[in-house]
Amino acid sequence: MDMNLSIINFTLFLLLASYTNGQQVIFDIRKYGASPNRDITQALKNAWKDACASTRAAKILFPAITYKLAQVDLRGPCKAPIEVQVNGELRAPANPDKLDGNAQWVKFTYINFFTLSGGGIFDGQGPTAWKQNDCGKNKNCKKLSMNFGFGFLNNSIVRDITSKDSKNFHVNVLGCNNMTFVNFKITAPATSLNTDGIHIGRSSDIKVISSSIATGDDCISLGDGSRHINIFNVTCGPGHGISVGSLGKYTNEDPVEGLIVRNCTFKNTDNGVRIKTWPGTPGATTVSDLHYEDITMVNVRNPILIEQDYCPYNQCSRQTPSKVKISKVTFKKIKGTSASPIGVTLVCSSGVPCERTQLSDIDLTFNGAPTTAKCVNVRPIIGCEEEELFGHREDERAEGGDVGLQGLARDGHEVLGEGDADLFCLVLLLEDTAVGPIVRAFMGADGVDELVLGTAAVRGAIGEEDGGTAHAEEAVGDEHGAVVAEVPIESDVLHAYY
3 MDMNLSIINF
13 TLFLLLASYT
23 NGQQVIFDIR
33 KYGASPNRDI
43 TQALKNAWKD
53 ACASTRAAKI
63 LFPAITYKLA
73 QVDLRGPCKA
83 PIEVQVNGEL
93 RAPANPDKLD
103 GNAQWVKFTY
113 INFFTLSGGG
123 IFDGQGPTAW
133 KQNDCGKNKN
143 CKKLSMNFGF
153 GFLNNSIVRD
163 ITSKDSKNFH
173 VNVLGCNNMT
183 FVNFKITAPA
193 TSLNTDGIHI
203 GRSSDIKVIS
213 SSIATGDDCI
223 SLGDGSRHIN
233 IFNVTCGPGH
243 GISVGSLGKY
253 TNEDPVEGLI
263 VRNCTFKNTD
273 NGVRIKTWPG
283 TPGATTVSDL
293 HYEDITMVNV
303 RNPILIEQDY
313 CPYNQCSRQT
323 PSKVKISKVT
333 FKKIKGTSAS
343 PIGVTLVCSS
353 GVPCERTQLS
363 DIDLTFNGAP
373 TTAKCVNVRP
383 IIGCEEEELF
393 GHREDERAEG
403 GDVGLQGLAR
413 DGHEVLGEGD
423 ADLFCLVLLL
433 EDTAVGPIVR
443 AFMGADGVDE
453 LVLGTAAVRG
463 AIGEEDGGTA
473 HAEEAVGDEH
483 GAVVAEVPIE
493 SDVLHAYY
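Under our numbering, the first residue of the sequence shown is numbered 3, with each subsequent residue one higher.
Have a look at this one:
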């Protein structure tokens, strides 16, 4: 992902928005017959028609008044940049039967240089609809409308807007390019079923910046075809975290590639950062180049989660592994508290195991103690850059089960083991000031998928000096808080790189 290019695009757009702001033609909704607490649907349609036809930059202005609004589909292309500034509150019909569940409540499509702004609130009035939402387990469920639909927009921005109590997802982004959400707020209770915050699909260069999302499902979810997504300084909670997926349920799904999640906080969420794919389904796509960094977890049940056996309400068969290939994923500088003893869960597909998955500076606690982890069908790289790990004497390997740790700058660089037939990983992670109080070891081979833990005493087992070595069973043996008896460590299944 070219993050610099994304930043340049965003900056240029802000400059353009600033330039056009002083030259806009204003279309005040009141001049089209809008009255407080009345339905303004037709007034908005008429104002949109005129504003979209303007050859000069146009703004539709909503004053700080509450209005009622039925379903609208506001389409381009428009002849010039267009802005909708909502200073007040727009309310959807509370009765879900008044809206077409196959479409969004407020929809903007086929527009270049679109802005939604003003500090206003779009209230979906969802509580009545939430009681009817059983789509998670009922394929023939009643379709419920989302608050927003942004379709096929280019170079567009949503800023200083609140989406409240949507009946379904709050925002659906489809087919968009270079679109930014900034200071965007989503609010709904944790009990609001299936109310994903922002769902992105088949879109590129989407940015969510300095925003807060509290809802009953994923705060942000990425569907197939999501490319070059940047999520910075977002607070999530309550909710189900930031998710890639679910993927693999359908054929012909496009790859997901290029995600950066940085400087985000998760509070009292079911999950933190998650990748979820379906087993027993026909979809065979790829997920790659995902980067999670500088993240704080506060009482999060599953802080770090790869879930390739995702099968809610047992709607699939776990006998057939997921066909979605996950590679090049990094988790870096993730700290805080877990609501469960397991802080890291990497459950990958046995059919297409995860590759090039890196974790470093992970500091998660449960009730004051370090969390444990689970690793299945994954090649994790712990505590160092992958290129550095594989670039140092790759031809050397452990002899007779002994593992050489050369200490690469004494900063916790580790060992990666790879089995001949079954995926196998062994990581000894030292406690060092460069990596923080992170003590983990992972194993997964021949059906063994339980965590193997190490402790700070590993340092003593391998010796204080650089280049110290230790027998692997001694380095992570019972005396140091690990269980290794279930998995033999032999030279023909363990390759040590350092």
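Beta carbons: idealized from backbone N, C-alpha and C, even for Gly.
Only a predicted model underlies this, so the values are computations on that prediction, with no experimental measurement involved.
In this structure, residue 87 and residue 109 do not form a Cβ contact; the two beta carbons are roughly 18 Å apart against a cut-off of 8 Å. Counting every other CB atom within 10 Å of its CB across the protein chains shown gives residue 372 a total of 16 or more, marking it as buried. When only Cα atoms are considered, residue 64 and residue 382 end up about 52 Å apart.
Contact check for residue 125 against residue 167 passes: the beta carbons are separated by less than 8 Å. Between the segment 183-193 and the segment 133-148 there are fewer than three inter-stretch CB-CB distances shorter than 8 Å, so the stretches are not counted as touching. With contacts defined as CB atoms closer than 8 Å, residue 203 and residue 221 fail to qualify as a contacting pair. Remark: C-beta atoms of residue 349 and residue 321 do not approach each other more closely than 8 Å. Scanning the segment 29-106 for uninterrupted alpha helix (DSSP H) segments of 4 residues or longer gives 43-55, listed from N- to C-terminal end.
Cβ neighbours of residue 91 within its own chain (closer than 7 Å, five residues either side excluded): 68, 122, 123 and 125. Apart from the 5 residues on each side of it in sequence, residue 80 sits with its Cβ closer than 7 Å to the Cβ of 54 and 113 in its chain, given in chain order. Note on geometry: alpha-carbon atoms of residue 254 and residue 283 lie some 12 Å from one another. DSSP places residue 316 in the helix class (H, G or I) of the three-state scheme.
In the assembly as shown, residue 198 is a buried residue. Its beta-carbon has 16 or more other beta-carbons within 10 Å.
Non-local beta-carbon contacts of residue 272 in its own chain, meaning distances under 6 Å to residues more than five positions away in sequence, involve 242 and 303 in chain order. The three-state secondary structure of residue 130, taken from DSSP, is helix. Annotated three-state conformation of residue 324 is coil, per DSSP. Per DSSP, residue 347 is one residue of the beta strand (DSSP E) stretching across 344-349. For residue 203, the three-state secondary structure derived from DSSP is strand. Note that the C-beta distance between residue 295 and residue 330 is not below 8 Å.
Here residue 71 is not near residue 117, since their CB atoms are 8 Å or more apart. The C-alpha of residue 177 is placed about 27 Å away from the C-alpha of residue 93.
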